[in-house]
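Student:
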Amino acid sequence: MSTSASTRAILAALAANAGIAAAKFVGFVVTGSSSMLAEAVHSVADTSNQALLLFGQRAARKQADALHPFGYGRSRYFWSFVVALVLFTLGAVFALYEGYHKIVHPTELTSPAVALVILAVAITLEAFSFRTAVVESRPLKGSGSWWRFIRNSRNPELPVVLLEDTGALIGLVFALAGVGLTTATSNPVWDGVGTIAIGLLLGVIATILMVEMHSLLIGESATAAEVEAIRAALENTEHVDRLIHLRTQYLGPDEMLVGAKIAVGPEVELATVAATIDAAEANIRAAVPAARVIYLEPDLDRARSRSS
138 MSTSASTRAI
148 LAALAANAGI
158 AAAKFVGFVV
168 TGSSSMLAEA
178 VHSVADTSNQ
188 ALLLFGQRAA
198 RKQADALHPF
208 GYGRSRYFWS
218 FVVALVLFTL
228 GAVFALYEGY
238 HKIVHPTELT
248 SPAVALVILA
258 VAITLEAFSF
268 RTAVVESRPL
278 KGSGSWWRFI
288 RNSRNPELPV
298 VLLEDTGALI
308 GLVFALAGVG
318 LTTATSNPVW
328 DGVGTIAIGL
338 LLGVIATILM
348 VEMHSLLIGE
358 SATAAEVEAI
368 RAALENTEHV
378 DRLIHLRTQY
388 LGPDEMLVGA
398 KIAVGPEVEL
408 ATVAATIDAA
418 EANIRAAVPA
428 ARVIYLEPDL
438 DRARSRSS
């Protein structure tokens, strides 16, 4: 799983969202639109989130030490979880509050054409960020659906950026609809309705991210394809009679822990057992490069002994 691909997607989103946030705040000051304000805060939250993802990548590069012998790879999961919390509290809650306030206390928009132009420009910039995330994610996605990729990816940043950019594009459409309907009907309540829709959208995305990042944070196993590849690598190693049991867990997006008990014949000498373990580890790493921490326990095949 390429960290550089994640970094490129994050940097593209960071640049786009910083510029979009500034433009939206200008639009809010000019028009007084709550949809514009909600979208501006949304972009600020996204910009902050990209900075947190970059910080998480940097923290994950720290070398393992006595306190954290398996390294700091899960820092990327932790900061991605924080991103979900920021998106919910700073984005969703604020938008819901602002939309409610605008519906209860509607105020007329001034210069709505300015808001429409800014939103159109923001959609263009956000589409660039979204396209970058899609391009960088496609090699990891394979032939499955994008939803499956988000659910199954052990890389936290790319699903976060994909969901954020998707939410940003849909949110911009909601803001465009709110401002457009307000302009067409001269009823500012539509601006508040658009803002509420943005808040609900961000709440749904933040909830999905929190669930997925929580699962990664407490530890997820290898994918089904990786488990089969590890199993085949072990069973095809000379002097390994069979795989007794296998446990895997991602220590970070680029590092997997593999623990397995393998059966060897009672006639195999100790030196050969040691060579078998070395060969099995090499086969696993060749099949699944992310499997960097491997513990193999040799044992007698007691099941075969009992049956004979």
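Sequential numbering of the sequence shown, starting at 138, is according to our numbering.
Backbone N, C-alpha and C fix where the C-beta goes; we use that ideal spot for every residue, glycine too.
Hey, would you say Ser274 sits closer than 8 angstroms to Phe265, going by beta carbons?
Tutor: Residue 274 sits at position 137 when you count from the first residue of the sequence shown. Residue 265 sits at position 128 when you count from the first residue of the sequence shown. Cβ distance not < 8 angstroms, so Ser274 and Phe265 don't count as in contact.
Student: Under the assumption that Leu299 contacts Ala270 (Cβ atoms under 8 angstroms), give the Cβ distance between them as a whole number of angstroms.
Tutor: For the purposes of this step, residue 299 is taken as the residue at position 162 of the sequence shown. For the purposes of this step, residue 270 is taken as the residue at position 133 of the sequence shown. Yes, Leu299 and Ala270 are in contact; Cβ-Cβ is about 5 angstroms, under 8 angstroms.
Student: Pick from Asp438, Pro390 and Ile414: whose alpha carbon is nearest that of Gly210?
Tutor: For the purposes of this step, residue 210 is identified with residue 73 of the sequence shown, where counting begins at 1. Closest option to Gly210, Cα to Cα, is Pro390.
Student: Report yes or no: do the segment 247-262 and the segment 158-178 share at least 3 C-beta pairs separated by less than 8 angstroms?
Tutor: Counting Cβ pairs under 8 angstroms, three or more are found: they touch.
Student: Tell whether a beta-carbon distance below 8 angstroms holds between Glu392 and Arg368.
Tutor: Position 255 of the sequence shown, counted from the first residue, corresponds to residue 392. Position 231 of the sequence shown, counted from the first residue, corresponds to residue 368. No, they are not a contact pair.
Student: Please look up how many angstroms separate the CB atoms of Ser352 and Thr385, rounded, as I've assumed it's under 8 angstroms.
Tutor: The residue given as residue 352 occupies position 215 in the sequence shown. The residue given as residue 385 occupies position 248 in the sequence shown. Actually they do not touch by this definition, with Cβ atoms about 15 angstroms apart.
Student: Return helix, strand or coil for Ala416, following the three-state DSSP convention.
Tutor: Position 279 of the sequence shown holds residue 416. The answer is helix: DSSP assigns Ala416 an H, G or I state.
Student: Taking just the CA atoms, how far does Ile399 sit from Leu94?
Tutor: Residue coverage of the chain in this structure runs from 138 to 445, which leaves residue 94 outside it and unanswerable.
Student: Just confirm the distance between the C-beta atoms of Ile335 and Ala312, as a whole number of angstroms; I'd bet it's less than 8 angstroms.
Tutor: Along the sequence shown, read from residue 1 onward, the residue named residue 335 stands at position 198. Along the sequence shown, read from residue 1 onward, the residue named residue 312 stands at position 175. About 6 angstroms; that satisfies the 8 angstroms criterion.
Student: Please return the same chain residues whose Cβ sits closer than 6 angstroms to the Cβ of Tyr432, not counting the five positions on each side in sequence.
Tutor: As a first step, residue 432 must be located in the sequence shown, where it is residue number 295. Within the same chain, Tyr432 has close Cβ partners Gly396.
Student: Does Thr261 pass the burial test, meaning 16 or more other C-beta atoms within 10 Å, or should it be called exposed?
Tutor: Residue 261 sits at position 124 when you count from the first residue of the sequence shown. Exposed, since its Cβ has fewer than 16 Cβ neighbours within 10 Å.
Student: Leaving out five residues before and five after Ala424 in sequence, what residues of the same chain have Cβ atoms less than 6 angstroms from its Cβ?
Tutor: Along the sequence shown, one-based indexing puts residue 424 at 287. Contacts found: Ala366 and Ala370.
Student: Residues in the same chain with beta-carbon distance under 8 angstroms from Val471, minus the five sequence neighbours each way, listed in chain order, please.
Tutor: Since the first residue shown for the chain is 138 and the last is 445, residue 471 is missing from the structure and cannot be characterised.
Student: For the ligand COA, I want to know if Ile287 counts as a neighbour, meaning its beta carbon is within less than 7 angstroms of at least one of the ligand's heavy atoms.
Tutor: For the structure depicted, the ligand COA is absent and the ligand set is empty, with no information on it obtainable.
Student: Pairs of beta-carbons, one from the segment 209-228 and one from the segment 176-191, closer than 8 angstroms: are there three or more?
Tutor: Judged by Cβ distances under 8 angstroms, the segment 209-228 makes contact with the segment 176-191, as three or more pairs qualify.
Student: Would you identify the three-state DSSP class for Tyr432, choosing helix, strand or coil?
Tutor: In the sequence shown, residue 432 corresponds to position 295, counting from 1. Tyr432 falls in the strand class under three-state DSSP.
Student: Taking just the CA atoms, how far does Asn292 sit from Glu263?
Tutor: By 1-based counting over the sequence shown, the position of residue 263 is 126. By 1-based counting over the sequence shown, the position of residue 292 is 155. Computed Cα separation, rounded: 22 angstroms.
Student: Whose C-beta lies closer than 6 angstroms to the C-beta of Ala182 among residues of the same chain, with five residues either side of it excluded?
Tutor: Residue mapping note: residue 182 aligns to position 45 of the sequence shown, counting from 1. Same-chain partners within the cutoff: Val223, Leu224, Leu227 and Gly228.
Student: Which residues bound the beta strand (DSSP E) around Val405?
Tutor: Taking the sequence shown and counting its residues from 1, one reaches residue 405 at position 268. No beta strand (DSSP E) holds Val405; DSSP gives it neither H nor E.
Student: Considering only the beta carbon of each residue, do His238 and Leu339 sit closer than 8 angstroms?
Tutor: As a first step, residue 238 is located in the sequence shown; it is residue number 101 there, counting from the start. As a first step, residue 339 is located in the sequence shown; it is residue number 202 there, counting from the start. The answer is no: Cβ separation not under 8 angstroms.
Student: Using only alpha-carbon positions, find the residue among Leu354, Ile355, Asp415 and Leu337 that is nearest to Thr374.
Tutor: As a working mapping, residue 374 is identified with position 237 in the sequence shown. Nearest option by C-alpha distance: Asp415.
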